[in-house]
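**Student:**
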Amino acid sequence: MLERFSDWHPSRVDLIARSEAPLIARPLYALPVGHRWGRRPGLTLIGDATHLISPFAGEGANLAMLDGAELAQAIVADGDDIEAALASYEAAMLPRSERAASYTGAGLDMCFNDQALRPLVDFFQSMRSGVEA
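Residue numbers for the sequence shown follow the UniProt record's numbering, so the first one is 1 and each next one is one higher.
1) Tell me where the alpha helix (DSSP H) around L94 begins and ends.
2) Rounded to whole angstroms, how far is the Cβ of Y103 from the Cβ of E59, which I believe are closer than 8 Å?
3) Is the segment 95 to 110 touching the segment 47 to 54 in the sense that three or more CB pairs, one from each, lie closer than 8 Å?
4) Can you pull the DSSP bridge partners for R40?
5) Taking the continuous alpha helix (DSSP H) assigned at R18, which residues delimit it?
6) In angstroms, rounded to a whole number, what distance separates the CA positions of E3 and Q115?
7) Which residue's Cα is closest to the Cα of F112: R18, W37, A21, L28?
Below, the structure written as structure tokens:
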């Protein structure tokens, strides 16, 4: 690793040199954008079970917590009609998770394509200009 990045800034080379753990490549898993399932009485899914997405938009944990909160609200709002509560929850959750999956898919593509550096730099530059304004 040091050989590959030997021409980088000394502070970055030092960071690599001080690393104690070996680099371990891990796979990324995601469900297809728009993934849906058939309704089953008395059953629904939340979090990664329903919208497993790549981490390139920082949405996964936020979606899971929102799923739990909205499911609880739907159950309270619909009282004894659990099927209405589950249908209401899924009607809001599925389109929202599909949008998030699209964002993460775009982020994944931005980071892992043949010209990945340019769109990534442009993205962070656009974020920076918003902060400086």
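Cβ coordinates follow ideal geometry from the N, Cα and C atoms, glycine included.
**Tutor:** This is what the structure gives:
1) 82 to 111
2) 7 Å
3) yes
4) For R40, which the question treats as bridged, DSSP gives the partners L43.
5) 10 to 18
6) Between E3 and Q115, the C-alpha separation is close to 23 Å.
7) L28
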